[in-house]
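Since the structure comes first, as structure tokens, the remarks are kept for the end.
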Amino acid sequence: MSLRPCRWLAALAVLSIASAQAATPAPFDLKGPTLEATVARDKTTLPIAQVPHLAEGDKLWIKADFPASQSEHYLLVLSFLRGPTNPPPKDWFFKCETWKKACAQKGMTVTVPEGAQQALIFLAPEDGGDFKTLVNAVRGRPGAFVRSTQDLNQATLDRSRLERYLASIRDLNAANPAVLKDTTPLLARSLGIKVDEKCLDRLPQLQAPCLMQGQETLILNDGHSMSIVEALTTGPASDLVMAASSTPQANYGYYSPYLSSLLDLGRLFDSFRVANYQYIPALATALNNKLTLTLNTPPSFQNPKSVLVAALPAVEQALPPPLHAVSPKDIYCARKNSLVLPVEGAPLVFATEYAHHTVLRVSGKDGEVIELPATADATQGGFLIDTSSLGTASLADRFRGSLHGYWGFDKFDGPGFQLVNTHSQAWAPASQDDGSLIVGRANTIHLQTGSVACIDRIMVKDPSGKELRVDWSPVKANEVEINLPLQQAQPGALTLFVSQFGSTEPHPVELRAYPEAGRFETFTMHEGESHGVLKGSRLADVASLSVKGVEFVPAAAPSNPESDQLRMEVKLAEATDASSTPAPSLQQGDTAKAKVTLHDGRSYNVSVAVAAPRPRVELVGKSVQTASGGNSSNIQLASENQLPQDAQLIFSVRAKSPAIFSREANVEVASSDEALSTTLSFANRTLTLADARVAVATFDPTKAFGFSAFGPLKFRVVNQGVAGDWQPLVTLVRLPVLKDLECPTDPEKSCKLTGANLFLVDSVASNAEFKEPVAVPVGFPGRALPVPRPSKSGLYLKLRDDPSVVNLAALVVDEPPPPPAAAAPAPVPTQEPVTASTPPPAPISNP
């Protein structure tokens, strides 16, 4: 084409676009006459709604269906065309006088002539020259009527999609507006309709009116319907309409040329107007064997009288629907009661009856071919398969099925699909964490199996046996996500029941619900040591910890359950004795992961931090020295590990790691709970080097801790800010002041012990075995105690600060003189202890 004609067409296209924007065609909302039509080919007869194409030699039967009260006589004319530049012969026009009995009852049967390409129906008001005038008009301008056939067919096909969409929206809105949000995208995909997604964000009651706005621009371009009507025109006559319909500025291109076709029809038919006749386009909506004509202009029965023009399917080769699966890799369950196979690519399959007798063809194990009825359902986005006939069929676990059917008179083959049959298959959590559920909150788990396509429903029974409803959704072909509401559940075993289509019994999956686990932050240990500290929360739930093949266990149950630290030691069973306990092969700065195992079997990973080696010393010796000017006590302490409060402790330690003492080293002494502590150092002259490896420490408990300190003491070395392990040192004891022990001559009576701070005595006995002791009440404020008569060795007692040790009290017994009447016995030295044993005295009560 030369440049000049191109510019001329472009100018016309712009003019056409401007006209389209300036004028809106009248809607086709006037119901016109109804025709009956069938098409016979070979030995098969189909209703007109199932015929997308005509072929040469087809027997076309058509009859007007006017009511008995019809007063205006219409002439029914059927005309065939053979292109825009080749006028049809006169014998390609067939008429039927609908007001006469023969035509009214039998209609007319016409054979599609050889060479025909298009077919038009005319309904003209009765006039003496109506038939001849119509024939001359068509033969005089065949290209214009070919154009009208194209536009009418395109508008009819597009309108069928729009009407199916709008009718479905109305039905869904009437039944349940809440389903529009999920159903509309499937409906739009099936019919090739543009949906304003903002409408789906509105309230359900407002969605339907929004979705039906702007009907002229809802219809997207459909390559299949375009290809059906595109072949109707050839040559320059089609250039202008193609240019206008594909121009984005006119809202076409991505959209169907529906609006453009209506505008072209209006202008085209205006050019046919003569004094006696005007031509009115009619869209022929096919349903079974009925053709209902819809008009956009009221017909006139006065000059110029209105001739109704409608198009029949084109005469051409069959063009099967280009259906394809939405997701070819998806797997579908053959036993599902409402099996839907999603397809797209051919909106006319859903909007018309052209596709019919469609089936899903599958093969059984024995090779038997089974055909399952398939129905196109736009609201579900694909073909709905009737699987009822598979009830007794023998099927493989996995197999393929394919869609087949008829497109008019011709067979067509649709896409294939992967199908599975319900069978026994194992279900397991996708990960270890999915098998551990936490009560008190919602849980999400993933189950995996061969295929999840056949899942019907999933329910769960909690540890109390209560059934809980769960939400689930497939995330992969072999994996399903399940949301478990365990906010009110109790810890313990629970069971998931997975029901599948075609299976009578649900498959149980055993799981366990646990209480909320603690938080485990780090496990810190020093290089070369066989113990460490685990930091976190709920540490009482920890059973063990393993790192580098070495297992650690809690050193002791936490005294405070809310404590955020737990000391862990290497399990002794792994070593021959405590001195050869192994340590993990980790050095300062190394990074590793430890596995924390709880008492209920759960395990978690925690980071390991390895610090520098800690300093170590060993206790060489110790001695207790009474402070200068101190009160001597008549209580002989039985253990070298007991330190009187008013005495000094001198002890020596030998360096182990490092091998010599540095000038920065010092020794800390503290109570068992570390509430009291003091530092012995070279600076304060409480620490002195005997040589490079041995240091002598001097500890004065009264100066360091005051008069209320008591109980076990421990020590550790601190070198350059790094502290070693605590080691036991001594037990600090406070001593009561024992003054007199008076015993009566009557051996049946107890003795009396007087002194100060007697509340520091725990109990008293007359023998070293501490049999039949007398307990002293806690906080006893008195100055005298009834005690058993002492043995030859003396009186034995336990101190309240260290009741594990039996100590000896060296006391002189005072006895009263004998009665005067009795002969005076030989005098007994008052300093000699009484040897006779006496029964235990009565219990001591607070005065």
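When we follow the numbering used here, the leftmost residue of the sequence shown carries the number 431, and every step to the right adds one.
Glycine is no exception: its CB is placed at the ideal position from the N, C-alpha and C atoms.
Select from the options the residue whose C-alpha is nearest the C-alpha of residue i.
i       : options                               : result
Glu1098 : Asp816, Ser1111, Leu636 and Pro711    : Ser1111
Ala1120 : Gly1136, Asp1103, Val1083 and Gln995  : Val1083
Glu897  : Pro915, Asn908, Val799 and Val1054    : Pro915
Ser590  : Asn706, Phe780 and Leu505             : Phe780
Leu1079 : Ala1089, Asn1064, Ala1134 and Asp1030 : Ala1134
Arg828  : Glu959, Gln855, Ala860 and Thr805     : Gln855
Ser793  : Val1126, Leu820, Ile875 and Asp459    : Leu820
Leu749  : Arg968, Asn851, Ala485 and Phe1137    : Ala485
Gln409  : Val1038, Leu1073, Gln1066 and Ile1065 : Because the chain in this structure spans residues 431 to 1277, residue 409 falls outside the shown range and cannot be described.
Leu506  : Lys530, Ala498 and Gly487             : Lys530
Leu790  : Ala744, Arg899, Cys884 and Phe842     : Phe842
Lys1086 : Arg1046, Ala1095, Leu511 and Ser1063  : Arg1046
Val910  : Glu1199, Leu926 and Gly895            : Leu926
Gly513  : Ala494, Glu466 and Ser578             : Ser578
Please state whether DSSP places residue i in a helix, a strand or coil.
i       : result
Ala467  : strand
Lys906  : strand
Pro678  : Only weak support exists for where Pro678 lies, its pLDDT of 37 falling under 50; the coordinates are left without a value.
Phe1081 : strand
Pro517  : coil
Cys763  : strand
Phe982  : strand
Ala453  : Residue confidence for Ala453 is low, a pLDDT of 48 falling below 50, so the modelled location carries little weight; the figure read from the coordinates is stated next. Ala453: coil per DSSP, three-state reduction.
Ala549  : strand
Leu721  : strand
Asp1192 : strand
Pro555  : strand
Lys473  : coil
Met672  : Because the pLDDT of Met672 is 37, which lies under 50, any placement of that residue in the model is unreliable, and the number read from its coordinates should be weighed accordingly. Helix at Met672.
Ile478  : helix
Ala1024 : strand
Lys562  : helix
What does DSSP give as the partner residues of residue i in its beta bridges?
i       : result
His956  : Ala1041
Met998  : Gly962 and Pro984
Gln930  : Ile885
Val1148 : Asn1096 and Ala1153
Leu802  : Leu790
Pro938  : Phe927
Could you please give the first and the last residue of the uninterrupted beta strand (DSSP E) stretch that includes residue i?
i       : result
Asp816  : Gly812 to Asp816
Pro845  : Asp840 to Val850
Gln1055 : Arg1046 to Thr1056
Arg1213 : From DSSP, Arg1213 is part of no beta strand (DSSP E); its letter is neither H nor E.
Cys1173 : Note, Cys1173: premise wrong, no beta strand (DSSP E); not H, not E.
Asp495  : Lys489 to Asp495
Ala638  : No beta strand (DSSP E) holds Ala638; the alpha helix (DSSP H) holding it covers Pro634 to Leu641.
His834  : Arg828 to Trp837
Asp1232 : Asp1232 to Ala1239
Leu739  : A small fix is needed here, since residue 739 is Val in this sequence, not Leu. Start and end: Lys735 to Ala741.
Gly1185 : Cys1181 to Ala1186
Lys1286 : Outside the displayed span of the chain (431 to 1277) sits residue 1286, for which this structure offers no information.
Within its chain, find whatever has a CB closer than 6 Å to the CB of residue i; leave out the 5 residues flanking it on each side and keep chain order.
i      : result
Val770 : Gln810, Gly812 and Leu814
Glu783 : Ala479 and Gln480
Leu738 : Leu553, Ile710 and Ala712
Leu849 : Tyr762, Ala764, Phe829 and Gly831
His876 : Ala860, Asp864, Glu909 and Glu911
Considering just the uninterrupted stretch of the alpha helix (DSSP H) at residue i, what are its terminal residues?
i       : result
Tyr784  : Tyr784 -> no alpha helix (DSSP H), and no H or E assigned at all.
Ala534  : Lys531 to Lys536
Leu582  : Pro572 to Ala605
Phe1135 : Pro1131 to Phe1135
Arg949  : Note, Arg949: premise wrong, no alpha helix (DSSP H); not H, not E.
Ser1015 : Where Ser1015 is concerned, there is no enclosing alpha helix (DSSP H), given that its DSSP letter is neither H nor E.
Lys611  : Leu610 to Leu621
CB-CB under 7 Å to residue i, same chain, minus the five flanking residues each way: which ones, in chain order?
i       : result
Ser974  : Glu981, Phe982, Val983 and Thr1027
Pro477  : Thr468, Asn718 and Asn719
Thr1132 : Gln1075 and Asp1076
Lys1144 : Ala1100, Ser1102, Trp1156, Gln1157, Pro1158 and Leu1159
Val928  : Trp857, Ile885, Ile888, Pro936, His937 and Val939
Enumerate in chain order the residues of its own chain whose CB-to-CB distance from residue i is below 8 Å, with the five nearest sequence positions on each side excluded.
i       : result
Asn516  : Pro572
Thr1265 : In this prediction, Thr1265 has a pLDDT of 35, which is less than 50 and means its spatial position is unreliable; what the coordinates show is noted afterwards. The residues are Ser1221 and Lys1222.
Ser1053 : Leu1079, Ile1080 and Phe1081
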